[in-house]
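All remarks here apply to the structure that follows.
Below, the structure written as structure tokens:
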């Protein structure tokens, strides 16, 4: 039985057009250092007249991937243009070598068509629906979609929900600004609304792309806001953004130590740690996420050391928690 992929493994997810000639170098030969996940895009990143070339390039990659041990290669997803293309991709030789699909323009209108794709896919594949249509600006439509996603035929197959910032801004006739985070405009409300609907329902969400890559100051500020909203990773469009995201995903050592104590069954119902109240009954979910982040990205260099016996005890506790 294969180990379930954690949404925290995604990190900075790099989108690459399916027409790129170096896809195999990126996947198999670590051309882009520390890349944890990538999306081979056949949608917005590929012009209509380039689709055939993108499909041919993808098929060639799949032929090679099915014969290779991917080892420590990044997670690989494909973003088709529409559900019909996704079904065609599922018939490609070697498609079983990828980890899943990103489902663009996912909403109540397209739900049935994408549901059919999920049902037709091999059991190991996971899916990342992208919330990026005008419906995602409507809290009632979001609530309806959230209810649909509780269907056990699709919920267990969803790795994360991706927030498509540029498309949502397009619905508002706006574009991100190089000097401001997305939270400085109306998209800040939308992200908060999506989080408050989908996270309590059991889903993880990833953050939209920051499309300016020559100056990382605003990107750093924006991703801190992403983390405050509980988002687990971020779409990137340039390799230089990867290290910024992964550094920010490292856990603060004080948060790590607090999380360990909160998950310790021997601790009292309420206790203080470094001047803050800790209450396991209400802080449990936060603590689990902190430990999960640390598992994949580590702590900052001044992380608090934990002795092996205590660490094993905490891991046993986390295992029991995850099994509930």
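Numbering (our numbering), first residue to last: 12 to 335.
Just so it is clear, CB atoms sit at the ideal spot from N, CA and C, and this is done for glycine as well.
Since the structure is predicted, the reported quantities are computational estimates derived from the model, not experimental observations.
Which residues in the same chain have their Cβ closer than 8 Å to the Cβ of residue 20, if we skip the five residues on either side of it in sequence?
Result list for residue 20: 47, 48, 86, 307, in chain order.
Spatially closest choice to residue 166 from 59, 39, 212, by CA coordinates
212
Per DSSP, what kind of secondary structure is residue 207 in: helix, strand or coil?
helix
Report all residues from its chain with a CB closer than 7 Å to the CB of residue 64; omit the five preceding and five following residues, and keep chain order.
30
Give me, in chain order, the residues of the same chain whose beta-carbon lies closer than 8 Å to that of residue 118; leave out the 5 immediate sequence neighbours on both sides.
142, 144, 146, 147, 152, 156
Under three-state DSSP, which class holds residue 173?
strand
If contact is defined by three or more beta carbon pairs under 8 Å, each pair taking one atom from either stretch, is the segment 71 to 90 in contact with the segment 30 to 39?
yes
If you run the structure through DSSP and keep just helix, strand and coil, what is residue 283?
Secondary structure at residue 283: strand, using DSSP grouped into helix, strand and coil.
Relative to the alpha-carbon of residue 223, which residue among 244, 191, 201 has its alpha-carbon at the smallest distance?
191
Is the CB-CB distance between residue 253 and residue 44 below 9 Å?
yes
Rounded to the nearest angstrom, what separates residue 16 and residue 287 at their Cα positions?
33 Å
Below 7 Å CB to CB, which residues in the same chain sit around residue 242 once its five sequence neighbours on both sides are set aside?
216, 217, 218
How is residue 28 classed by DSSP in three states: helix, strand or coil?
Strand at residue 28.
Output needed for residue 283: all residues of its chain with C-beta closer than 8 Å, excluding positions within five of it in sequence on either side, in chain order.
Excluding positions up to five away in sequence, the list reads 289.
Apply the 10 Å Cβ neighbour rule to residue 42 and answer buried if 16 or more other Cβ atoms are within range, or exposed otherwise.
Taking a 10 Å sphere around the C-beta of residue 42, we find fewer than 16 other C-beta atoms and assign the residue as exposed.
Residue 50 by DSSP, collapsed to three states: which one?
strand
Cutting at 6 Å between CB atoms, please list the residues of its own chain near residue 315, excluding the five before and the five after it.
For residue 315, the pLDDT reaches just 41, beneath the cut-off of 50, and the residue's location in the model is therefore unreliable, although a value from the coordinates is still provided. Closer than 6 Å at the Cβ level, and outside the excluded window around residue 315, lie 264, 268.
Examine the Cβ distances between the segment 271 to 282 and the segment 293 to 302 and report whether three or more of them are shorter than 8 Å.
yes
Residue 303 classed as buried or exposed, judged by whether at least 16 other C-beta atoms fall within 10 angstroms:
buried
Could you have a look at residue 166 and say whether DSSP puts it in helix, strand or coil?
helix
Are residue 127 and residue 91 touching if we call contact CB-CB under 9 Å?
Not a contact, by the Cβ cut-off of 9 Å.
Output the boundary residues of the alpha helix (DSSP H) element that contains residue 197.
Neither: residue 197 is in no alpha helix (DSSP H) and is coded neither H nor E.
Residue 121 CB to nearest heavy atom of the ligand GTP below 8 Å
The ligand GTP is absent from the structure shown, which contains no ligand whatsoever.
Leaving out the 5 sequence neighbours to the left and right, which residues in its chain are closer than 6 Å to residue 69 when beta-carbon positions are compared?
29
Starting from the Cα of residue 78, find the closest Cα among 281, 249, 57, 107 and give me that residue.
For residue 78, the closest alpha carbon among the candidates 281, 249, 57, 107 is that of 107.
Cβ pair residue 160, residue 140 closer than 9 Å
A contact, by the Cβ cut-off of 9 Å.
In angstroms with no decimal places, state the Cα-to-Cα distance between residue 232 and residue 221.
11 Å
Based on the DSSP output, what are the partners of residue 141 in its beta bridges?
173
How about residue 279 and residue 171: do their beta carbons lie closer than 9 Å?
Contact: no.
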